[in-house]
Amino acid sequence: MKTVIFACVHNAGRSQMAEAFFNRGADPSRARALSAGTEPAARVHPEVVEVMREVGFDLSAARPVRLTPQLVRGASLLVTMGCGEACPVVPALERQDWPLPDPKDQPRTRAREIRDAVRQRVDELLRLRGWGRASERPVDRG
568 MKTVIFACVH NAGRSQMAEA FFNRGADPSR ARALSAGTEP AARVHPEVVE
618 VMREVGFDLS AARPVRLTPQ LVRGASLLVT MGCGEACPVV PALERQDWPL
668 PDPKDQPRTR AREIRDAVRQ RVDELLRLRG WGRASERPVD RG
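Be aware that the sequence shown starts at 568, since it is given in this note's numbering, and climbs by one per residue.
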């Protein structure tokens with residue numbers, strides 16, 4: 568099984584969204600996601616909890632966690648979420664950066680746009696890597 572780490576500075580917005588979308592869309596026998604931050608906040612941003620609730624996710628009990636060497640041990644991919652120079656670098660781990668704005672303190676309409684952009688990128692990652700649930704993976708006809 569592959570492990571993907573979604574990381575940003577506070578682990579209170581984009582990375583929490585990505586973890587939720589990934590784990591719902593992924594085949595659990597193929598891949599899973601964790602999220603973390605280099606400077607975790609005390610809680611997930613309220614606007615993130617609100618816009619994720621609109622699409623069926625309850626992040627009210629989610630707690631930001633610190634990105635540690637133990638957390639990334641054995642991971643296959645690190646996806647950093649637009650944190651620029653503050654983004655973590657983990658040697659020998661494949662890394663992608665998704666330059667997405669922080670939803671913190673954004674109006675609900677903007678937080679929704681960011682949420683939808685995160686979901687789109689997660690869906691594309693699952694599709695490209697073949698990690699989606701069986702019903703969502705392309706059928707091999709060859």
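Think of the CB as a built atom: it goes at the ideal place given N, C-alpha and C, for glycine as much as any other residue.
Item: Is Phe624 near Ala600, with beta carbons less than 8 angstroms apart?; Value: no
Item: Going by C-alpha distance, which of Val611, Ala603, Pro666 and Ala593 is nearest Leu695?; Value: Ala593
Item: Roughly how many angstroms separate the alpha carbons of His612 and Gly580, rounded to a whole number?; Value: 6 angstroms
Item: Going by beta-carbon coordinates alone, are Val615 and Leu626 separated by less than 8 angstroms?; Value: yes
Item: Please return the same chain residues whose Cβ sits closer than 6 angstroms to the Cβ of Ala598, not counting the five positions on each side in sequence.; Value: Lys569 and Trp698
Item: Look at the Cβ atom of Met619, then the Cβ atom of Arg682, and state whether they are nearer than 8 angstroms.; Value: yes
Item: So, helix, strand or coil for Phe573, using DSSP?; Value: strand
Item: Within 10 angstroms of the Cβ of Val571, are there 16 or more other Cβ atoms? Answer buried if so, exposed if not.; Value: buried
Item: Please return the same chain residues whose Cβ sits closer than 8 angstroms to the Cβ of Val656, not counting the five positions on each side in sequence.; Value: Arg662
Item: Just the C-alpha distance for Ala629 and Ala642, rounded to the nearest angstrom, thanks.; Value: 21 angstroms
Item: Rounded to a whole number of angstroms, what is the C-alpha to C-alpha distance between Val685 and Ser582?; Value: 9 angstroms
Item: Ignore the nearest five residues each way along the sequence and tell me which others in His577's own chain have a CB closer than 7 angstroms to its CB.; Value: Gly604, Glu606, Pro607, Ala608 and Pro631
Item: Cα separation between Thr676 and Val622?; Value: 14 angstroms
Item: Distance check for Ala678 and Asp672, CA to CA, integer angstroms please.; Value: 9 angstroms
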